[in-house]
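A.B. asks:
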Amino acid sequence: MSWMAWTMPTAIFFGVIALLLVTFTILAIKFPETPRTGILRIETTRGDRLFITLLGSAFINLIWLGFEAGPQPYALLVCLAYAAAVFRWV
Amino acid sequence: MNKTVNQKAWFLVLPVLILVAFSAVIPLMTVVNYSVQDTFGRNEFFWAGLEWFSDMLDSDRMWDALGRQLIFSGVILAIEIPLGIFVALNMPKNGFWASFCLVLMSLPLLIPWNVVGTIWQIFGRVDIGLLGYTLDKLGITYNYTQDITAAWITVVVMDVWHWTSLVALLAYAGLQSIPDAYYQAAKIDQASRWAVFRYIELPKMAGVLMIAILLRFMDSFMIYTEPFVVTGGGPGNATTFLSIDLVKMAIGQFDLGPAAAFSLMYFLVILLISWVFYTVMVNLDKRDGV
């Protein structure tokens with residue numbers, strides 16, 4: 001595995017994503033759902049909303065970094081608020 | 001739709017997932033690991049944190065390449081999509097000539113990228129190329145190795161030559177699926193040619209056109225081989241698109257960290273745009289009840 005040049009932060013990063021995917025897979029099996037239409041006027045399931053959250057979070061982090069808005073961990077707080085909004089309204 | 005969605009079928013794609021893991025996911029994870037570290041070779045890495053990402057976000061080089069890339073994709077879409085539709089509308093509907101046209105149209109699609117590049121590189125040369133020589137004899141200054149405009153025109157025309165037939169074939173397939181009854185109804189209503197196009201043909205083609213736009217956008221956004229063979233990214237940096245710049249950085253300069261950060265941002269943009277296109281496409285299908 002040394003050729004992959006792992007570091008602890010990136011391992012944690014991928015661990016969290018893997019955990020999220022497993023959690024949502026279990027959720028989808030245990031509690032099947034009907035897609036719903038939110039403010040984007042597209043039908044979304046929980047999985048879609050997770051994807052929108054993760055992709056959006058990546059951009060939020062980049063924008064935060066690009067504008068040097070402050071220490072990077074604070075961007076995660078913005079991401080959390082964004083995630084809550086996505087799961088509530090999208 | 002009131003039916004609950006059963007997601008268990010996803011387990012059936014597990015073999016593909018394993019395959020993709022080795023061909024895409026694991027390499028991508030390695031790129032993420034590279035992007036937060038610095039290396040001088042010999043597989044020794046030093047922690048760099050988010051430095052490369054901030055460097056790349058501040059670098060004019062990346063933004064310039066992105067700008068050129070967007071202009072290139074925009075220009076070829078603006079030409080290829082209307083031209084493809086126009087060609088499809090004028091193709092014979094059946095008989096020998098329909099098959100003939102279809103075969104003729106698919107020929108450019110069968111030629112490998114680097115061969116297309118080589119063809120156009122020679123075609124445009126002033127000393128031995130038909131195009132370059134003719135233009136030169138007509139008194140038009142044309143030199144794609146020194147003149148930015150000529151280089152851009154060559155790269156754009158080359159892409160249009162290579163890929164318009166894909167759009168045309170897709171649009172043609174969409175047109176063929178329209179039942180005659182629609183045209184008969186339009187005729188009874190004395191609809192004009194434009195009205196037939198606007199209210200029958202275009203809506204019926206919308207699905208395949210979305211696919212055409214998506215395919216052409218993705219392909220042009222990741223274009224590497226053709227401009228690399230023809231102009232090598234020059235003159236200067238005039239036709240250095242994102243992937244050419246990325247390869248220069250990663251392999252030419254061996255700056256693995258910045259290149260990794262660059263490629264991740266590139267990947268995110270592509271992912272976002274693909275998602276938007278995909279969502280629009282799926283929703284178009286749902287609206288049409290397909």
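Chains as they are written, first to last, in the UniProt record's numbering: chain A, 1 to 90; chain B, 1 to 290. C-beta: ideal position from N, C-alpha, C; glycine also.
(1) Who are the near neighbours of residue 292/B in its chain, counting only those whose CB is closer than 7 Å to its CB and skipping five residues on each side?
(2) Are any of the Cβ atoms in chain B nearer than 8 Å to that of T23/A?
(3) Using CA coordinates, which residue listed in I81/B, L17/B, P203/B is at the minimum distance from residue 301/B?
(4) So, are the CB atoms of L268/B and A58/A less than 8 Å apart?
(5) Report the neighbours of L268/B on chain E: residues whose CB is nearer than 9 Å to its CB, in chain order.
(6) Three or more beta-carbon pairs under 8 Å between the stretch 262-278 of chain B and the stretch 28-40 of chain A, yes or no?
(7) For W194/B and chain A, any beta-carbon pair shorter than 8 Å?
(8) Comparing alpha-carbon positions, which option in D58/B, A168/B, K8/B lies nearest L65/A?
(9) Buried or exposed: which applies to A83/A, given that a residue is buried once 16 or more other Cβ atoms fall within 10 Å of its Cβ?
(10) Which residues bound the alpha helix (DSSP H) around D60/B?
(11) Under the assumption that T225/B contacts A151/B (Cβ atoms under 8 Å), give the Cβ distance between them as a whole number of angstroms.
(12) Applying a beta-carbon distance threshold of less than 7 Å, which residues of chain B neighbour P9/A?
(13) Anything in chain B within Cβ reach of A5/A, meaning under 8 Å, just list it in chain order.
(14) Using only CA atoms, which one of K93/B, I148/B, D219/B, V32/B lies nearest to A11/A?
(15) Is there at least one Cβ from chain B nearer than 8 Å to F87/A's Cβ?
(16) Which same chain residues, not among the five before or five after L284/B, have their C-beta less than 7 Å away from its C-beta?
(17) Near F45/B, which residues of its chain fall below 6 Å by C-beta distance, leaving aside the five closest residues on each side in sequence?
(18) Looking only at its own chain, which residues have a Cβ that is under 7 Å from the Cβ of C221/B, when we skip the five neighbours before and after it?
(19) Please classify M8/A: is it buried, with 16 or more other beta-carbons within 10 angstroms of its beta-carbon, or exposed?
(20) Please classify A212/B as buried or exposed, where buried requires at least 16 other C-beta atoms within 10 Å of its C-beta.
(21) Mapping DSSP to helix, strand and coil, what is D147/B?
(22) F197/B and L77/B: beta carbons closer than 8 Å?
(23) Alpha carbon to alpha carbon, what distance is there between I178/B and W97/B?
(24) Run through chain A and tell me which residues come within less than 8 Å of L271/B, C-beta to C-beta.
(25) In chain order, which alpha helix (DSSP H) runs of at least 4 residues are fully inside the stretch 180-248 of chain B?
(26) If the criterion is Cβ atoms closer than 8 Å, does the pair T30/B and A18/A meet it?
(27) Please confirm whether F197/B has its beta-carbon closer than 8 Å to some beta-carbon of chain A.
(28) Would S106/B be called buried (16 or more neighbouring beta carbons within 10 Å of its own) or exposed?
(29) Can you list, in chain order, the stretches of the alpha helix (DSSP H) that have 4 or more residues and sit fully within the stretch 97-160 of chain B?
C.D. replies: So, from the listed chains and residues:
(1) As displayed, chain B neither begins before 1 nor continues past 290, which places residue 292/B out of reach and without an answer.
(2) Chain B, which has no Cβ nearer than 8 Å to the Cβ of T23/A, makes this no.
(3) Outside the shown range of chain B (1 to 290) lies residue 301/B, about which nothing can therefore be said.
(4) In terms of Cβ geometry, L268/B and A58/A form a close pair [threshold 8 Å].
(5) Although the question refers to chain E, the structure presented lacks it and instead comprises the protein chains A and B.
(6) The stretch 262-278 of chain B is not in contact with the stretch 28-40 of chain A.
(7) Cβ-Cβ to chain A under 8 Å: no for W194/B.
(8) Out of D58/B, A168/B, K8/B, D58/B has the C-alpha closest to the C-alpha of L65/A.
(9) A83/A is buried by the Cβ-count criterion.
(10) Taken as a continuous stretch (DSSP letters only), the alpha helix (DSSP H) holding D60/B covers 60-89.
(11) The C-beta distance from T225/B to A151/B rounds to 16 Å, too long to fall under 8 Å, and the pair is not in contact.
(12) Within 7 Å of the CB of P9/A, the CB atoms of chain B belong to V36, in sequence order along the chain.
(13) By Cβ distance, chain B contributes T30, N33, Y34, Q37, T39, N43, F45.
(14) Comparing alpha-carbon positions, the option among K93/B, I148/B, D219/B, V32/B lying closest to A11/A turns out to be V32/B.
(15) Taking 8 Å as the threshold, the shortest C-beta distance from F87/A to chain B does not fall below it.
(16) Cβ neighbours of L284/B beyond the five flanking positions: A206, G207, M210.
(17) Counting only Cβ-Cβ distances below 6 Å, and skipping sequence neighbours, we find Q37, T39.
(18) At residue 221/B the sequence reads Phe, which differs from the Cys that was named. Closer than 7 Å at the Cβ level, and outside the excluded window around F221/B, lie Q69, S73, I270.
(19) Exposed, since its Cβ has fewer than 16 Cβ neighbours within 10 Å.
(20) A212/B should be labelled buried.
(21) Assigned with DSSP and collapsed to three states, D147/B falls in coil, not helix or strand.
(22) With contacts defined as CB atoms closer than 8 Å, F197/B and L77/B fail to qualify as a contacting pair.
(23) Between W97/B and I178/B, the alpha-carbon positions lie close to 20 Å from each other.
(24) Here the neighbours are L55.
(25) Counting only runs of 4 or more, we get 180-188, 193-196, 202-221, 225-230, 242-247.
(26) No. Outside cutoff.
(27) For F197/B, not one C-beta of chain A is nearer than 8 Å to its own C-beta.
(28) By the neighbour-count rule (16 or more Cβ atoms within 10 Å), S106/B is not buried but exposed.
(29) Secondary structure in the stretch 97-160 of chain B: the alpha helix (DSSP H) runs of 4 residues or longer, each lying completely within the stretch, are 113-123, 130-137 in chain order.
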